[in-house]
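*Asks:* Got a structure for you, written out below as structure tokens; questions coming shortly.
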Amino acid sequence: MRANNLRKGNVVLFNDAPCRVIDFTHVTPGKGQAVVQTKMRNLLTGTQTETRFGATEDVPMADVYTSKATYLYKDGDNFYFMDTSSYEQFALTVDFVDDAKFYLQDNMEVTVTTYNDQPIGIELPGSVVMIIVQTEPELKGATANNSPKPAITDTGLTVYVPPFIKEGQKIEVSTADGKYLGKSSD
């Protein structure tokens with residue numbers, strides 16, 4: 002693919018590793034050739050790099066594919082998933098799953114990115130419903146404008162919630178940043 006056709010989300014092969022383009026800018030200087038300034042994340046190591054390509058330079062695409070999988074259960078340090086098309090089960094370590102462990106729920110559908118037949122990433126839904134298991138009691142006169150209080154969810158995630166949220170309530174939480182989105186209607 003030509004560098005001037007790169008878009009956010011493309012996965013390219015850079016320094017022998019798959020890298021996802023997370024930002025790009027077309028730059029046309031007064032003199033010289035146009036370039037594409039990219040910010041990429043290495044999908045194997047998680048590191049970010051900024052790279053400049055000539056606009057007409059060929060950039061190889063990485064041979065990655067995505068598939069849907071269902072989260073089944075956790076056993077020790079392993080999280081077990083099932084590919085929804087082949088029904089094959091596979092395990093990912095707690096180190097691989099990283100912070101996603103706080104959002105995984107039984108039978109949750111995730112997107113798995115694979116490179117060279119090895120999973121290299123999982124993508125969660127945009128938000129999840131969680132149950133508050135521990136928080137401070139509600140204070141009289143508490144409103145949504147008062148300062149938020151910490152609450153622990155059923156997965157162990159600490160979320161800052163409005164003061165009127167009580168233990169046992171279901172809330173919606175963003176998987177991108179772990180922030181409270183609102184009460185759940187579920």
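Sequential numbering from 2 applies to the sequence shown in this note's numbering. Heads up, the beta-carbon is just placed ideally off N, CA and C, and yes, glycines get one too. Nothing here was measured: the structure is a model prediction, and the numbers come from that model.
1) Can you grab the Cα-Cα spacing for the pair R21 / T114, in whole Å?
2) Can you tell me where the beta strand (DSSP E) holding V1 begins and where it ends?
3) For the candidate residues S175, F91, E139, T50, whose alpha-carbon lies nearest to that of K167?
4) In angstroms with no decimal places, state the Cα-to-Cα distance between V188 and F82.
5) Hey, quick one: how far does the beta strand (DSSP E) through F97 stretch, first residue to last?
6) Let's see if you can read the secondary structure: which residues bound the beta strand (DSSP E) around P151?
7) Which whole-angstrom value is the C-beta distance of Y104 and V129, which I expect to be below 8 Å?
8) Just mark M131 as buried or exposed, buried being the case when its beta carbon has 16 or more other beta carbons within 10 Å.
9) Starting from the Cα of A18, find the closest Cα among T48, P126, Q90 and give me that residue.
10) Compare the Cα-Cα distances from G122 to each of K150, Q135, D59, A92 and report the closest residue.
11) Leaving aside the five residues before and after T176 along the sequence, list all residues of the same chain whose C-beta is less than 7 Å from its C-beta, in chain order.
12) As a quick exercise: from V60, N16, G31, L45, pick the residue whose alpha carbon is nearest that of R8.
13) If we ignore side chains and look at the alpha-carbon of each, how far apart do F80 and E110 end up?
*Replies:* For this structure:
1) Along the sequence shown, one-based indexing puts residue 21 at 20. Along the sequence shown, one-based indexing puts residue 114 at 113. Approximately 11 Å between the Cα atoms of the pair.
2) Because the chain spans 2 through 187 in this model, residue 1 falls outside it and cannot be assessed.
3) For the purposes of this step, residue 167 is taken as residue 166 along the sequence shown, with counting starting at 1. When only C-alpha atoms are compared, the closest one is E139.
4) Residue numbering for the chain in the displayed model covers 2 to 187; residue 188 lies beyond these limits and cannot be assessed.
5) Taking the sequence shown and counting its residues from 1, one reaches residue 97 at position 96. Per DSSP, F97 belongs to no beta strand (DSSP E); it is in the alpha helix (DSSP H), 95 to 98.
6) Residue numbering aside, residue 151 sits at position 150 when the sequence shown is read from its first letter. That run of the beta strand (DSSP E) goes 150 to 154.
7) Reading the sequence shown from its first residue, position 103 is the one you call residue 104. Reading the sequence shown from its first residue, position 128 is the one you call residue 129. Correct: roughly 5 Å between the Cβ atoms.
8) Taking the sequence shown and counting its residues from 1, one reaches residue 131 at position 130. Around the Cβ of M131, a 10 Å sphere holds 16 or more other Cβ atoms; the residue is buried.
9) Numbered from its first residue, the sequence shown carries residue 18 at position 17. Closest option to A18, Cα to Cα, is T48.
10) Against the sequence shown, residue 122 aligns to sequence position 121. Comparing Cα-Cα distances from G122 to each of K150, Q135, D59, A92, the minimum goes to A92.
11) For the purposes of this step, residue 176 is taken as the residue at position 175 of the sequence shown. Answer for T176: Y104, L125, P126, G127, S128, V129, listed in chain order.
12) Here the question's residue 8 lines up with position 7 in the sequence shown. The shortest C-alpha separation from R8 is found at V60.
13) Within the sequence shown, the letter at position 79 stands for residue 80. Within the sequence shown, the letter at position 109 stands for residue 110. In a straight line, the C-alpha of F80 is about 13 Å away from that of E110.
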